[in-house]
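Here our numbering is used: the first residue of the sequence shown is 97, the next is one more, and so on. A virtual CB, placed ideally from N, CA and C, is assigned to each residue, including glycine.
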Amino acid sequence: MRILIIGGTGMLGHKLVQVLGEHHDVYALCRTSANRLSSLDLLATEKIFGGIDVRDFDAVRSAITSSGAEVVINAVGIVKQSSAAANILETIELNTVFPQKLAQTAQELGVRVISVSTDCVFDGKAGNYSETDTPNALDLYGQSKRWGEITGPNCLTIRTSIIGRELAGQHGLIEWFLSKKGTAVEGFTEAIFSGFPTIVLADIINALVLDQPELSGIYHISSLPISKYDLLVLAKESFDVDIHIEPSSKLRIDRSLNSERFAAVTGFKPESWPELMKRMVSDPAPYDKWKSIGR
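Printed below as a string of structure tokens:
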């Protein structure tokens with residue numbers, strides 16, 4: 097299967113390139129130069145559409161047609177932790193307008209589009225959210241992601257959440273945590289998470305999503321719920337780092353997702369968190385080398 101991954105150097109995007117590239121004919125589109133991604137030995141230069149801002153949709157459409165992609169996976173967007181998240185126009189352009197343009201293109205070109213959304217479309221007061229629950233986020237990030245969810249023909253939106261290593265920066269939980277060696281951090285006992293390490297989500301997409309073209313609309317894909325405190329304790333043990341984790345109950349939020357509908361269709365069964373963490377830690381990707389290349 098020929099696949100174009102949009103956002104190929106992002107936290108999820110580069111892992112999709114790595115995992116799906118072992119099974120499919122993968123191309124990637126990224127804002128950085130093609131040499132940046134090819135230098136990581138993840139993808140040949142001729143399969144990378146580099147230096148493209150997705151707001152230049154003509155360039156994106158050209159990449160879709162030039163690659164001959166049968167499936168386009170949208171892994172680009174402004175995340176809540178980014179400084180760009182304060183820019184209303186840019187957030188809406190990338191999180192809302194861009195995926196909707198992709199949906200229109202899917203119908204015009206007959207390609208399948210898979211877009212990754214977030215549990216942050218919910219306010220986190222209830223937890224165990226299903227697809228029938230109405231998104232009720234009040235912040236710009238959550239609302240912009242909700243408006244960008246695609247549901248038309250050939251379109252699949254995956255609601256989930258991720259942790260994982262990054263090629264550059266410390267925008268996500270894991271890179272932030274690993275940067276705190278020798279210090280103390282808070283771990284929130286009442287903040288509930290039900291996402292995945294990026295390598296696991298990439299495997300799920302490969303094994304259970306790509307070969308089921310009938311999957312369309314919105315599906316929740318979630319792990320067993322775990323508190324952020326327990327998650328950090330497990331990360332500390334798994335990465336073997338010297339970080340003191342102080343339990344704190346001052347943040348109470350539960351955006352856990354219910355993925356029974358996805359499980360009923362695909363047979364999906366979530367692994368235990370020790371196993372999920374083991375898979376992330378045992379990933380052979382040379383992140384120390386990759387990060388030095390990016391400097």
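Straight through space, the alpha carbons of F273 and G248 are spaced by roughly 38 Å. N354 and N224 do touch by the CB rule: their CB atoms are close to 5 Å apart, below 8 Å. Per DSSP, S334 lies in no beta strand (DSSP E) segment; the continuous alpha helix (DSSP H) that holds it begins and ends at 324-335. Residue state for H267 is assigned as coil, using DSSP reduced to three classes.
The beta-carbon separation of E245 and S275, rounded to 32 Å, does not stay under the 8 Å limit for a contact.
With a cut-off of 8 Å on Cβ pairs, the region 248-261 is in contact with the region 188-203, counting three or more such pairs. With 16 or more other CB atoms across the displayed protein chains lying within 10 angstroms of its CB, Y123 is buried. Taking each of A222, S226, C216 in turn and checking the Cα distance to A233, the smallest one comes out for C216.
By a beta-carbon distance limit of 8 Å, G291 contacts S319. Their separation comes to about 6 Å. As summarised for the region 154-206, the continuous beta strand (DSSP E) elements at least 3 residues long and confined to that stretch are 167-170, given in chain order. C126 carries a coil assignment under DSSP once its states are collapsed to helix, strand and coil. Setting aside the 5 residues that flank it on each side, S323 is surrounded in the same chain by G283, F284, T285, E286, A287, I288, F289, each with a C-beta closer than 8 Å to its C-beta; the list follows chain order.
E282 has E342 as its beta-bridge partners, per DSSP. With respect to the 9 Å criterion, R375 and P293 are classified as neighbours on the basis of their beta carbons. Under DSSP, G313 shares a beta bridge with L252.
Where S240 is concerned, there is no enclosing beta strand (DSSP E), although the alpha helix (DSSP H) around it starts and stops at 236-243. Shown here for P366: same chain residues with a beta carbon closer than 6 Å to its own, the five before and five after excluded, namely S319, L320 in chain order. Collapsing the DSSP output to three states places P293 in a strand.
Here the C-alpha atom of G146 lies approximately 43 Å from the C-alpha atom of P343.
Taken atom to atom, the span from the alpha-carbon of R242 to that of P231 is near 7 Å. P195 counts as buried, since at least 16 other C-beta atoms from the protein chains shown sit within 10 angstroms of its C-beta. L320 carries a coil assignment under DSSP once its states are collapsed to helix, strand and coil. With a cutoff of 9 Å on beta-carbon distance, L330 and P382 are scored as not near each other. With 16 or more other Cβ atoms from the protein chains shown falling within 10 Å of its own Cβ, T187 counts as buried. Around the Cβ of Q203, a 10 Å sphere holds fewer than 16 other Cβ atoms; the residue is exposed. In the DSSP assignment, L116 falls within the alpha helix (DSSP H) that extends over 109-116.
Around the beta carbon of R351, 16 or more other beta carbons lie within 10 angstroms, which makes this residue buried.
If you draw a 10 Å sphere on the C-beta of G164, you find fewer than 16 other C-beta atoms in it, and that means exposed. Contact check for L112 and A171: beta-carbon distance about 6 Å, within the 8 Å limit, so the pair qualifies.
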